[in-house]
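Engineer: Would you mind keeping the following structure in view while I ask a few things?
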Amino acid sequence: MQTYLLRTGVLASLLGLIGLAPIACAAADYTHFSWEEVAPGVHFGTPLANFFQGGNVTIITLPGGGSMVVDTQNSEFLGREILEKAKAVGQGPVKYVVNTHLHQDHMGGNIVFRRDNPRLKIFAHRYTCTNAPFKTVNRMEDRLPGIVKGLQDTRAQRVKLQSEGKDLAGIDHRIHGTELYVADTKEFKWEMPDNCLDLKPGQSKVLQEGGRRIELRYFGPGHTVGDLVVFLPKEKVVIVGDMWGQGSGYLHPDAGIDGRDGSVLETPWTLKRLRQLDFDIALTGHAGALRGKASIDRAIDLGDQAIASIKALNQRGMSIGPVLQKLPPPDKAPTFVVDGWVSTVVRTFEEIELRRMWGIPLPGESTPKR
Ligand SMILES: [Zn+2]
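Using the working numbering, the first residue of the sequence shown is number 15, and each one after it goes up by one.
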């Protein structure tokens, strides 16, 4: 178990820039999540409008009291809001946390649950455990200047709205949430998973708590190399992190596949294995609760099609510049979508190019049993 402190030099100057004193926020006057019980004892939290955190969270109650939390979001004050909800619906301590993958918005609130219950078990795939200290910790600091800039811009926008006599409730909520987030980062501490699962594709770890069966499953590389899936076979609910349905729609506007810290080429094949689970509801990290399998089918189809297009252009000897001209990002997309789109296409192209260079078959080319 290791704790990582945010480097504070840059942060101190940022906080000074926007006039925020570092505080340990109770955030009693701020609510981030709206909750829906999607199956008995399965509570799905989705964020109200904001611009510092767009991820979802799931609480699974346990028959003997207590609960499991899947993905703890990106800060302590959000972790505390989730903890409060979990204790209310679970009528006991949070016994388990699962981090579906290593990104900050999925494990940044871990410390809150550890402090509340020293016997807590935090599960993740072993690749999440090994890679998070090197991939995730610094990124949090890297994205802070953009959030601070966004806060300044929104404050300016508020002045304009106020002068026009517009309703300020929505923008005030967004500003307040971001202020709390930025202030929270001053004392932020990472808490890494302590139950690191060495699962190969197709393997799982089962937790049986009374009548509640919880399966922690691994299907292979996708959004990251260590995407862990939480499956409730009785309730037919699966919690999939960011494996598809990214709100930004990388690779195709409706696919939401990016292979950001995993593999774009492998993602459709990983999803095809996941799809074999008998589920009615998929709880995603950013796309809400998806009923049925239409969404995963579409992600697989669109992913396959986009990869096939890039593969065909690569086979014609095209370099990445012309490939991007053939597969441009959606019209009028915001900068972060354009950047993510471009990096996803580049990553796909590079994965294809490297395999071609070394004569390694692409997924599906020589392993029909995948
Ligand atoms: Zn992610």
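C-beta atoms are modelled at their ideal positions from N, C-alpha and C, and glycine is treated no differently.
Answer with buried or exposed for E379, where buried requires no fewer than 16 other C-beta atoms within 10 angstroms of its C-beta.
Structural biologist: The sequence position of residue 379 within the sequence shown is 365, counting from 1. So E379 ends up on the exposed side.
Engineer: Alpha carbon to alpha carbon, what distance is there between D294 and R94?
Structural biologist: Within the sequence shown, residue 94 is the residue found at index 80, counting from 1. Within the sequence shown, residue 294 is the residue found at index 280, counting from 1. Near 30 angstroms, if we compare the C-alpha coordinates of D294 and R94.
Engineer: Let me check understanding here. Comparing Cα to Cα, which of K101, D275, G236 and D212 lies closest to L230?
Structural biologist: The residue given as residue 230 occupies position 216 in the sequence shown. The shortest Cα separation from L230 among K101, D275, G236 and D212 belongs to D212.
Engineer: Report all residues from its chain with a CB closer than 7 angstroms to the CB of P36; omit the five preceding and five following residues, and keep chain order.
Structural biologist: By one-based count along the sequence shown, residue 36 stands at place 22. Legend: pLDDT at P36 = 40, less than 50; position of this residue unreliable, value from coordinates given subsequently. The answer, listed in chain order, is L29, A197, K200 and E201.
Engineer: Pairs of beta-carbons, one from the stretch 184 to 194 and one from the stretch 51 to 67, closer than 8 angstroms: are there three or more?
Structural biologist: yes
Engineer: Could you tell me the boundaries of the beta strand (DSSP E) in which F58 lies?
Structural biologist: Locating residue 58 in the sequence shown gives position 44, counting from the first residue. Run containing F58: V56 to P61, per the beta strand (DSSP E) assignment.
Engineer: Report yes or no: do the stretch 303 to 317 and the stretch 265 to 285 share at least 3 C-beta pairs separated by less than 8 angstroms?
Structural biologist: The stretch 303 to 317 vs the stretch 265 to 285: in contact.
Engineer: Which of the three DSSP states, helix, strand or coil, is assigned to F194?
Structural biologist: For the purposes of this step, residue 194 is identified with residue 180 of the sequence shown, where counting begins at 1. As written in the sequence, residue 194 is Leu, which differs from the Phe given in the question. The answer is helix: DSSP assigns L194 an H, G or I state.
Engineer: Can you tell me whether P377 is buried or exposed? The criterion is at least 16 other CB atoms within 10 Å of its CB, across all chains shown.
Structural biologist: As a first step, residue 377 is located in the sequence shown; it is residue number 363 there, counting from the start. Flag for P377 reads buried.
Engineer: Indicate whether E205 and R133 have their beta-carbon atoms separated by less than 7 angstroms.
Structural biologist: Along the sequence shown, one-based indexing puts residue 205 at 191. Along the sequence shown, one-based indexing puts residue 133 at 119. No, these two residues do not count as a Cβ contact at 7 angstroms.
Engineer: By Cβ distance below 6 angstroms, which residues in the same chain neighbour E4 in space, the five residues on each side in sequence not counted?
Structural biologist: With the chain running from 15 to 384 in the structure shown, residue 4 is simply not present.
Engineer: Count the other CB atoms within 10 Å of the CB of G335; is the residue buried (16 or more) or exposed (fewer)?
Structural biologist: Stepping through the sequence shown from its first residue, residue 335 is reached at position 321. It counts as exposed.
Engineer: Once DSSP output is grouped into helix, strand and coil, what is the label at L29?
Structural biologist: The sequence position of residue 29 within the sequence shown is 15, counting from 1. Note that L29 scores 48 on pLDDT, short of 50, meaning its location in the model is unreliable and no value can be drawn from it.
Engineer: At the level of alpha carbons, what is the spacing between N131 and C210?
Structural biologist: Position 117 of the sequence shown, counted from the first residue, corresponds to residue 131. Position 196 of the sequence shown, counted from the first residue, corresponds to residue 210. So the alpha carbons of these two residues sit roughly 19 angstroms apart.
Engineer: Does DSSP put W283 in a helix, a strand or coil?
Structural biologist: Your numbering for residue 283 matches position 269 in the sequence shown. When secondary structure is reduced to three states using DSSP, W283 falls in the helix class.
Engineer: Nearest by alpha-carbon distance to L341: which of P159, S333, L291 and I324 is it?
Structural biologist: Walking along the sequence shown from the start, residue 341 turns up at place 327. The candidate whose alpha carbon is nearest that of L341 is I324.
Engineer: Please specify which runs of the alpha helix (DSSP H), each continuous and at least 4 residues long, are wholly inside the stretch 194 to 220, giving them in chain order.
Structural biologist: none
Engineer: What is the residue span of the beta strand (DSSP E) that T75 lies within?
Structural biologist: Within the sequence shown, residue 75 is the residue found at index 61, counting from 1. Counting along the chain, the beta strand (DSSP E) containing T75 begins and ends at V71 to T75.
Engineer: For R226, does the three-state DSSP call read helix, strand or coil?
Structural biologist: Locating residue 226 in the sequence shown gives position 212, where the first residue counts as 1. Of the three classes helix, strand and coil, the one that applies to R226 here is strand, per DSSP.
Engineer: Please list, in chain order, all residues of the same chain as W372 whose beta carbon is under 6 angstroms from its beta carbon, the five residues on each side excluded.
Structural biologist: The count along the sequence shown starts at 1 and reaches residue 372 at position 358. There are no such residues.
Engineer: If I follow the unbroken alpha helix (DSSP H) through F350, where does it start and stop?
Structural biologist: Locating residue 350 in the sequence shown gives position 336, counting from the first residue. First-last of the alpha helix (DSSP H) with F350: T349 to W372.
Engineer: Please determine if the stretch 237 to 257 and the stretch 134 to 149 are in contact, where contact requires at least 3 C-beta pairs separated by less than 8 angstroms.
Structural biologist: yes
Engineer: Specify, as a first and last residue, the run of the alpha helix (DSSP H) that F127 falls within.
Structural biologist: Indexing the sequence shown from 1 puts residue 127 at position 113. Taken as a continuous stretch (DSSP letters only), the alpha helix (DSSP H) holding F127 covers N124 to D130.
Engineer: Do you know how far the Cα of T281 is from the Cα of I310?
Structural biologist: The count along the sequence shown starts at 1 and reaches residue 310 at position 296. The count along the sequence shown starts at 1 and reaches residue 281 at position 267. Spanning the two alpha carbons is a distance of roughly 11 angstroms.
Engineer: Just reading off the alpha helix (DSSP H) that I314 is part of, what are its end residues?
Structural biologist: For the purposes of this step, residue 314 is identified with residue 300 of the sequence shown, where counting begins at 1. Taken as a continuous stretch (DSSP letters only), the alpha helix (DSSP H) holding I314 covers A308 to Q329.
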